[in-house]
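**Student:** Provided herewith is a single structure, encoded as structure tokens, for subsequent inquiry.
Number of protein chains: 2
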Amino acid sequence: MILVNENFLKLKAGYLFPEIGRRVRVFAAENPDAPIIKLGIGDVTEPLVPAVTKAMHTAVDEMAKKETFHGYDDGGVGYEFLREAIVQNDFKSRGANVASDEIFISDGAKCDTGNMQEIFGLDNVVAVTDPVYPVYVDTNVMAGRTGENDGKGRYGKMVYMPCTAENNFVPELPSQPVDMIYLCYPNNPTGAVATKEQLKKWVDYAVENKAIILYDAAYEAFIRDDSIPHSIYEIEGARKVAIEFRSFSKTAGFTGVRCGFTVVPKDLVAYTKSGQAQPLHPIWNRRHCTKFNGVSYITQKGAEAVYSPEGKKQVKEVINLYMSNADTMRAALTEQGYQVFGGEHAPYIWLKTPKGVDSWTFFDLLLNKANVVGTPGAGFGAAGEGYFRLSAFNNPDKVKEAMQRISKI
Amino acid sequence: MILVNENFLKLKAGYLFPEIGRRVRVFAAENPDAPIIKLGIGDVTEPLVPAVTKAMHTAVDEMAKKETFHGYDDGGVGYEFLREAIVQNDFKSRGANVASDEIFISDGAKCDTGNMQEIFGLDNVVAVTDPVYPVYVDTNVMAGRTGENDGKGRYGKMVYMPCTAENNFVPELPSQPVDMIYLCYPNNPTGAVATKEQLKKWVDYAVENKAIILYDAAYEAFIRDDSIPHSIYEIEGARKVAIEFRSFSKTAGFTGVRCGFTVVPKDLVAYTKSGQAQPLHPIWNRRHCTKFNGVSYITQKGAEAVYSPEGKKQVKEVINLYMSNADTMRAALTEQGYQVFGGEHAPYIWLKTPKGVDSWTFFDLLLNKANVVGTPGAGFGAAGEGYFRLSAFNNPDKVKEAMQRISKI
Numbered sequence: 015m016i017l018v019n020e021n022f023l024k025l026k027a028g029y030l031f032p033e034i035g036r037r038v039r040v041f042a043a044e045n046p047d048a049p050i051i052k053l054g055i056g057d058v059t060e061p062l063v064p065a066v067t068k069a070m071h072t073a074v075d076e077m078a079k080k081e082t083f084h085g086y087d088d089g090g091v092g093y094e095f096l097r098e099a100i101v102q103n104d105f106k107s108r109g110a111n112v113a114s115d116e117i118f119i120s121d122g123a124k125c126d127t128g129n130m131q132e133i134f135g136l137d138n139v140v141a142v143t144d145p146v147y148p149v150y151v152d153t154n155v156m157a158g159r160t161g162e163n164d165g166k167g168r169y170g171k172m173v174y175m176p177c178t179a180e181n182n183f184v185p186e187l188p189s190q191p192v193d194m195i196y197l198c199y200p201n202n203p204t205g206a207v208a209t210k211e212q213l214k215k216w217v218d219y220a221v222e223n224k225a226i227i228l229y230d231a232a233y234e235a236f237i238r239d240d241s242i243p244h245s246i247y248e249i250e251g252a253r254k255v256a257i258e259f260r261s262f263s264k265t266a267g268f269t270g271v272r273c274g275f276t277v278v279p280k281d282l283v284a285y286t287k288s289g290q291a292q293p294l295h296p297i298w299n300r301r302h303c304t305k306f307n308g309v310s311y312i313t314q315k316g317a318e319a320v321y322s323p324e325g326k327k328q329v330k331e332v333i334n335l336y337m338s339n340a341d342t343m344r345a346a347l348t349e350q351g352y353q354v355f356g357g358e359h360a361p362y363i364w365l366k367t368p369k370g371v372d373s374w375t376f377f378d379l380l381l382n383k384a385n386v387v388g389t390p391g392a393g394f395g396a397a398g399e400g401y402f403r404l405s406a407f408n409n410p411d412k413v414k415e416a417m418q419r420i421s422k423i
Numbered sequence: 015m016i017l018v019n020e021n022f023l024k025l026k027a028g029y030l031f032p033e034i035g036r037r038v039r040v041f042a043a044e045n046p047d048a049p050i051i052k053l054g055i056g057d058v059t060e061p062l063v064p065a066v067t068k069a070m071h072t073a074v075d076e077m078a079k080k081e082t083f084h085g086y087d088d089g090g091v092g093y094e095f096l097r098e099a100i101v102q103n104d105f106k107s108r109g110a111n112v113a114s115d116e117i118f119i120s121d122g123a124k125c126d127t128g129n130m131q132e133i134f135g136l137d138n139v140v141a142v143t144d145p146v147y148p149v150y151v152d153t154n155v156m157a158g159r160t161g162e163n164d165g166k167g168r169y170g171k172m173v174y175m176p177c178t179a180e181n182n183f184v185p186e187l188p189s190q191p192v193d194m195i196y197l198c199y200p201n202n203p204t205g206a207v208a209t210k211e212q213l214k215k216w217v218d219y220a221v222e223n224k225a226i227i228l229y230d231a232a233y234e235a236f237i238r239d240d241s242i243p244h245s246i247y248e249i250e251g252a253r254k255v256a257i258e259f260r261s262f263s264k265t266a267g268f269t270g271v272r273c274g275f276t277v278v279p280k281d282l283v284a285y286t287k288s289g290q291a292q293p294l295h296p297i298w299n300r301r302h303c304t305k306f307n308g309v310s311y312i313t314q315k316g317a318e319a320v321y322s323p324e325g326k327k328q329v330k331e332v333i334n335l336y337m338s339n340a341d342t343m344r345a346a347l348t349e350q351g352y353q354v355f356g357g358e359h360a361p362y363i364w365l366k367t368p369k370g371v372d373s374w375t376f377f378d379l380l381l382n383k384a385n386v387v388g389t390p391g392a393g394f395g396a397a398g399e400g401y402f403r404l405s406a407f408n409n410p411d412k413v414k415e416a417m418q419r420i421s422k423i
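Protein chains in written order, with our numbering: chain A, 15 to 423; chain B, 15 to 423.
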């Protein structure tokens, strides 16, 4: 008799964003004329930049000719032209030591952050911040690393590290031993960033406790203060304890194109139950090459163009546009009396909901009264209750309009 | 202490094709002038057809403009324009009943066949043919559904169904209870096909035994006899027991573009240990939307064009070219005295190695003496020993040249 993976039955009914999509569709069906402004899911709105589309057109033409056609990307780990551009621009330029064969090109950071847990044993204790990007939690639930859902959004065995206004969104080191630590900076959803000193504490903790840090840096391009690290490998010792996830989704508007990458340093090890150290690079390589077959050549050529001089300039302009939205939102919401966090080095504004209004109620209120879609903090975890995320990804005019409408409710 | 997933340590050192790549690189380094002809990995050589590249250029232009830009593919399951084209052309046209919301667009059948096992319990018994596409086996090893490797390429707990010349490459129904059955027709690597009657036996077996069939139809476009089923859903009852995997890789030369899809019918269930039936469609949907973020809009527009009148005509011409290579190879090798199988409804020729020559020795012999790369049968499983796979994906001239060279050794 075919058995189902019962861990899936522990999951809450829907992944957060489909549930938001469902509510918006219901509202739109009942109010077909409502001029909805979406500041919810965090999807980009600006088109691909010219340097990228030019490179993609050229790549499509190459794929149309026998002499320049590309089939499988050998091994599926990504073309050297892209991996080398990443090494030079994302790591060497910031003094971080990463080699091109430690980089695995993928179809996005969501997939990689979801898949990476597979190479670790099921007995590891997982630590996440609360609130947190739901993928880290849900994929560990599916794998069986947690107990049951407590009905309030928390799972047994998982260690939650609250990040609230009270601790300035800086999680404390866990008081109990943990093995897999998910960190995301600039943070989704709170918009908080980590200083070098704060990250150093985590690296030292991981070294001491033989833990692994799964570091999601998908939003590093939004950092505006040069002293804030873009990569965990800017921290001494990180190569021994950290895997880093990156994405072109927000950096270069690739949400609908799909490209990201993951760094698995060769210094990393995990242990067998008998205590034998096992290098993780070959294990992830085996996983990647067995279950994945590479990213489109056309996409990889587009990603490479992000690092060209024009590409860099063009994507920077787009990021500045989004960040100027964030400035607008911070100013308007603060003026309206909201307590506002984030939005300084991240495309997300994290605000406190009005007293006595929970985050899904605030979601419905904004949707109904202002026709503005945001994301309820509770969707990111129990400690996200009482907070609300607004994304800076939209046209400046729409963002201003949304702020005006919110001011009237 | 961070624990590794020790199941990975059960795996043989390398995935088959990287190992072949390694041997070829070593040979090429030592013999830089050797005119190597690759009939190994099964990668396509013909460029994308004009209908596809035209659609991709248009899609790139759409992505370059704000008004027509596409971000996330909502939910990541694929655009309706593509899912509907698939329903009409791949299923309705053959009398198979599949709805568009049962189709999940993905970045390829390798990923889907590898990932699908996640939604099933770890106690299920897995049955595979031998020889077999290694991904089915390796991904179940990684998940922990098998015992140790016996050193001869077989894993404990897994049920192997030999397919050899003796049984005409038709596996027998398992004599012990099995829960997850991987079938691939037209078969990789043997090139064998299954008749309606043969598939009906499997469907009936699965219904009776509450088993699930994981049906890989990645090569259906190569079928030349209309009475042979292209989809398992042409068989009555299959909607209750079968998941089907499809790919644009070989059909439309998308190995370097990455697009495929999987059908999970709403009639499918698996069971909890206590015997409660759980529909699988919502569970796979949850898995897909949590760990995957959709396929590039540009790629999906290219895939849609495969179903346009010009697209259909153009991809058919490419398939005919490859199949005419297969005809050439069958004829030449038969004349040379080899026992030849497959290649009639599949792009793979499966031949018996000369008496006393094992398949890796034959691989080295072909590489060294004829500078031709094939795939040793033993790489596909213990029962593949004594066989050898040659792929029909290459230029007709190179294929003819390869046959001539082989005739001289």
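Built from N, CA and C at the ideal position, the CB exists for glycine as well.
Step through the CB atoms of chain B and report whether any lies within less than 8 Å of the CB of His244/A.
**Tutor:** Answer no: the Cβ-Cβ gap between His244/A and chain B never drops below 8 Å.
**Student:** Evaluate Thr286/A with the Cβ neighbour count: other Cβ atoms within 10 Å of its Cβ, from every protein chain shown; 16 or more gives buried, anything less gives exposed.
**Tutor:** Result: exposed.
**Student:** With a threshold of 8 Å between beta-carbons, can Ala284/A be considered close to chain B, or not?
**Tutor:** Yes, its Cβ sits closer than 8 Å to a Cβ of chain B.
**Student:** When you compare the CB of Ser310/A with every CB in chain B, is at least one pair closer than 8 Å?
**Tutor:** Output row for Ser310/A: interface = yes.
**Student:** Below 7 Å between beta carbons is the criterion; list the residues of the segment 259–288 of chain B that meet it against any residue of chain A, in chain order.
**Tutor:** Listed by position, the residues of the segment 259–288 of chain B near chain A (Cβ gap below 7 Å) are Thr269, Gly270, Val271, Arg272, Ala284, Tyr285, Thr286 and Lys287.
**Student:** Rounding to the nearest angstrom, what Cα-Cα distance links Met194/A and Glu180/B in this structure?
**Tutor:** Those two C-alpha atoms are separated by around 51 Å.
**Student:** Quick check on Leu62/B - is its C-beta less than 8 Å from some C-beta in chain A?
**Tutor:** True, the Cβ-Cβ gap to chain A drops below 8 Å.
**Student:** Which same chain residues, not among the five before or five after Asp121/B, have their C-beta less than 6 Å away from its C-beta?
**Tutor:** Arg272 and Val309.
**Student:** Please name the residue in Thr265/A, Gln190/A and Phe402/A whose C-alpha comes closest to that of Trp364/A.
**Tutor:** Minimum Cα distance to Trp364/A is reached at Phe402/A.
**Student:** Tell me, please, whether the CB atom of Tyr86/B is closer than 8 Å to any CB atom in chain A?
**Tutor:** Yes, contact with chain A.
**Student:** Short of 8 Å in beta carbon distance, which residues of its chain neighbour Thr127/A, apart from the five on each side in sequence? Order them along the chain.
**Tutor:** The answer, listed in chain order, is Tyr147, Val149, Tyr150, Thr153, Tyr196, Leu228, Asp230 and Phe259.
**Student:** On the three-pair Cβ rule with 8 Å, is the segment 245–261 of chain A touching the segment 201–220 of chain A?
**Tutor:** Yes: at least three Cβ pairs fall under 8 Å.
**Student:** Counting contacts by CB-CB distance shorter than 8 Å, is His295/A in contact with chain B?
**Tutor:** It does not: the Cβ of His295/A has no partner Cβ on chain B nearer than 8 Å.
**Student:** Are there 16 or more other CB atoms within 10 angstroms of the CB of Lys280/B, so buried, or fewer, so exposed?
**Tutor:** Classification of Lys280/B: exposed, given that the 10 Å Cβ count is below 16.
**Student:** Can you list the residues of chain B that Asn154/A reaches, using a CB-CB cut of under 9 Å?
**Tutor:** Per Cβ cutoff of 9 Å: no residues; Asn154/A is ~11 Å from chain B at best.
**Student:** Give me the chain A residues within the contact set of Phe134/B, using Cβ-Cβ distance strictly less than 8 Å, ordered along the chain.
**Tutor:** Within 8 Å Cβ-Cβ: Ile16, Leu17, Val18 and Asn19.
**Student:** In chain order, what residues of the same chain lie with their CB nearer than 8 Å to the CB of Thr342/A, ignoring the 5 residues before and after it?
**Tutor:** Within the same chain, Thr342/A has close Cβ partners Pro410, Val413, Lys414 and Met417.
**Student:** Give the interface partners of Gly122/B over in chain A, defined as CB-CB distance under 7 Å, in chain order.
**Tutor:** Going along chain A in sequence order, the residues near Gly122/B (Cβ under 7 Å) are Asn307.
**Student:** Using a Cβ cut-off of 7 Å, pull out every chain A residue sitting near Leu25/B, in sequence order please.
**Tutor:** Those are Arg300, listed as they occur along chain A.
**Student:** Could you tell me which residues DSSP puts in a beta bridge with Asn129/A?
**Tutor:** For Asn129/A, which the question treats as bridged, DSSP gives no partner whatsoever.
**Student:** Locate the alpha helix (DSSP H) running through Gly398/A, then write down its first and last residues.
**Tutor:** It is not in any alpha helix (DSSP H) - Gly398/A carries neither H nor E in the DSSP assignment.
**Student:** Step through the CB atoms of chain A and report whether any lies within less than 8 Å of the CB of Asn408/B.
**Tutor:** Not one chain A Cβ lies under 8 Å of Asn408/B.
**Student:** Consider the Cβ of Asn129/A: report whether some Cβ of chain B lies at a distance smaller than 8 Å.
**Tutor:** Yes, Asn129/A lies at the interface with chain B (some Cβ there is under 8 Å from its Cβ).
**Student:** Compare the C-beta of Lys171/A against all C-beta atoms of chain B and say whether one is closer than 8 Å.
**Tutor:** Not an interface residue.
**Student:** Excluding sequence positions up to five away, which residues of its chain have a Cβ less than 7 Å from the Cβ of Ile100/B?
**Tutor:** Ile117 and Phe275.
**Student:** Let me check understanding here. Comparing Cα to Cα, which of Pro361/A, Leu380/A and Ile34/A lies closest to Arg238/A?
**Tutor:** When each option's Cα is compared against that of Arg238/A, the closest is Pro361/A.
**Student:** With a 10 Å radius around its C-beta and 16 neighbouring C-beta atoms as the bar for buried, classify Ala48/B as buried or exposed.
**Tutor:** Exposed: under 16 other Cβ atoms inside 10 Å.
**Student:** Identify the continuous alpha helix (DSSP H) that holds Leu136/B and give its terminal residues.
**Tutor:** Counting along the chain, Leu136/B falls outside any alpha helix (DSSP H), and DSSP gives it neither H nor E.
**Student:** Could you name the residues of chain B that Thr35/A contacts, counting a contact when the two beta carbons are closer than 8 Å?
**Tutor:** Reading off the sequence, residue 35/A comes out as Gly, not Thr. The contacting residues are Asp88 and Gly89.
**Student:** Which two residues bound the contiguous alpha helix (DSSP H) that contains Ala157/A?
**Tutor:** Run containing Ala157/A: Pro148 to Ala157, per the alpha helix (DSSP H) assignment.
**Student:** Of all Cβ atoms in chain A, is any one closer than 8 Å to the Cβ of Phe236/B?
**Tutor:** It does not; no Cβ of chain A falls within 8 Å.
**Student:** Can you list, in chain order, the residues of its chain with a C-beta nearer than 7 Å to that of Ala340/A? Leave out the 5 residues immediately preceding and following it.
**Tutor:** Gly357, Pro361, Ile363 and Ala406, listed in sequence order.
**Student:** Roughly how far, in whole angstroms, is the beta-carbon of Asn138/B from the beta-carbon of Arg159/B, given that I think they are within contact range, below 8 Å?
**Tutor:** About 6 Å; that satisfies the 8 Å criterion.
**Student:** Given a threshold of 16 other Cβ atoms within 10 Å of its Cβ, counted over all protein chains shown, does Arg97/B qualify as buried or as exposed?
**Tutor:** So Arg97/B ends up on the buried side.
**Student:** So, Leu381/A versus Ile423/A, is the Cβ gap smaller than 8 Å?
**Tutor:** Their beta carbons are not under 8 Å apart, which means Leu381/A does not touch Ile423/A by this criterion.
**Student:** Is the segment 291–303 of chain A touching the segment 70–79 of chain A in the sense that three or more CB pairs, one from each, lie closer than 8 Å?
**Tutor:** With the cut-off at 8 Å, the segment 70–79 of chain A and the segment 291–303 of chain A do not touch.
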